[in-house]
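Numbering (the working numbering), first residue to last: 231 to 464.
Report on the following structure.
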């Protein structure tokens with residue numbers, strides 16, 4: 231709003247391959263980081279670079295051709311399944327589309343419910359929340375980008391869909407830069423690097439094991455979440 235500094239003392243590096251996670255409680259600044267990385271926000275001070283160049287000096291068309299963002303509210307268009315994939319890759323064949331659907335365990339469902347000509351209704355109301363998220367992921371897999379940002383992509387979905395999405399994230403990270411934004415720390419255990427944020431600042435950096443050993447804010451939040459989840463399971 232021109233009055234407050236939302237982020238302070240933030241220094242993050244995202245390598246060409248692997249998973250970099252940004253975590254913290256609600257309001258810590260995670261979403262602002264995503265908006266800065268996507269170019270939706272411009273920084274007041276400091277710099278954001280991609281490939282050694284200032285992000286603001288790179289054309290949006292060029293940058294977006296290499297960037298994919300899958301969020302908790304990724305939009306699926308009121309078109310056929312095929313048309314949604316064609317928006318990501320106009321040359322996508324049926325074989326390529328079904329290959330992506332297989333990866334997210336949706337191929338059989340689509341085949342049995344109208345095939346690639348199945349129309350997704352407004353706001354994807356004719357499929358479940360988990361299926362919507364998996365479909366969004368499959369579309370982005372076909373797009374074949376260099377940088378994938380997952381912004382709370384597993385929020386409010388079933389456990390099976392969450393596991394499928396996380397498995398695909400792991401596979402993607404072997405060849406792509408994956409940036410994982412999550413409030414649920416159980417999803418970032420295998421990240422190559424974790425940035426733990428509080429009140430708009432990066433307070434801790436390291437792997438899960440390193441941050442647990444440090445017994446700081448990350449460790450406290452992880453233990454709290456684990457106890458809550460175990461209690462819910464019981």
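Cβ coordinates follow ideal geometry from the N, Cα and C atoms, glycine included.
A quick note: this is a predicted structure, and the numbers were derived from the prediction, not measured.
Same chain, Cβ closer than 7 angstroms to residue i, neighbours up to 5 away in sequence not counted
{"i": "residue 265", "result": "271"}
{"i": "residue 428", "result": "254, 258 and 447"}
{"i": "residue 301", "result": "381, 382 and 383"}
{"i": "residue 327", "result": "312, 315, 346 and 372"}
Opposing strand residues paired with residue i [DSSP bridges]
{"i": "residue 242", "result": "BP columns for residue 242 are empty, so no partner."}
{"i": "residue 423", "result": "250"}
{"i": "residue 327", "result": "Beta-bridge pairing links residue 327 to no other residue."}
{"i": "residue 378", "result": "298 and 408"}
{"i": "residue 283", "result": "280"}
{"i": "residue 436", "result": "424"}
{"i": "residue 310", "result": "349"}
Among the options, the one whose alpha carbon lies nearest that of residue i
{"i": "residue 304", "options": "281, 381, 413 and 286", "result": "381"}
{"i": "residue 237", "options": "257, 250, 245 and 247", "result": "257"}
{"i": "residue 473", "options": "253, 245 and 243", "result": "An answer regarding residue 473 cannot be provided, because it is not within the stretch 231 to 464 covered by the chain."}
{"i": "residue 426", "options": "235, 364 and 242", "result": "242"}
{"i": "residue 389", "options": "417, 378, 405 and 402", "result": "417"}
{"i": "residue 433", "options": "248, 249 and 260", "result": "260"}
{"i": "residue 313", "options": "246, 332, 287 and 345", "result": "345"}
{"i": "residue 239", "options": "251, 277, 267 and 245", "result": "277"}
{"i": "residue 284", "options": "299, 267, 296 and 300", "result": "267"}
{"i": "residue 406", "options": "244, 282 and 359", "result": "244"}
{"i": "residue 246", "options": "232, 294, 387 and 422", "result": "422"}
{"i": "residue 308", "options": "435, 424, 233 and 354", "result": "354"}
{"i": "residue 358", "options": "329, 306 and 401", "result": "306"}
{"i": "residue 232", "options": "274, 262, 251 and 269", "result": "274"}
{"i": "residue 379", "options": "299, 401, 325 and 430", "result": "299"}
Beta-carbon contacts of residue i that lie in its chain and below 6 angstroms, excluding the five residues immediately before and after
{"i": "residue 188", "result": "Any answer about residue 188 is impossible in this case: the structure gives the chain only from 231 up to 464."}
{"i": "residue 465", "result": "There is no way to answer for residue 465, as the model of the chain reaches only from 231 to 464."}
{"i": "residue 437", "result": "none"}
Residues of its chain near residue i, where Cβ-Cβ distance is below 8 angstroms and the 5 sequence neighbours each way are ignored
{"i": "residue 364", "result": "334, 335, 336, 391, 394 and 395"}
{"i": "residue 419", "result": "438"}
Nearest-angstrom beta carbon gap, residue j and residue i [assumed within contact, 8 angstroms]
{"i": "residue 377", "j": "residue 360", "result": "With 8 angstroms as the limit, residue 377 and residue 360 do not qualify as a contact, their Cβ atoms being about 25 angstroms apart."}
{"i": "residue 424", "j": "residue 251", "result": "5 angstroms"}
The stretch 308–322 / the stretch 370–386 touching (three or more Cβ pairs under 8 angstroms) = Counting C-beta pairs with one atom in each stretch, the stretch 308–322 and the stretch 370–386 have three or more that are closer than 8 angstroms, which means they touch.
Touching by the beta-carbon criterion (3+ pairs, under 8 angstroms), the stretch 437–456 and the stretch 407–417 = Contact between the stretch 437–456 and the stretch 407–417 is present, because at least three Cβ pairs lie under 8 angstroms.
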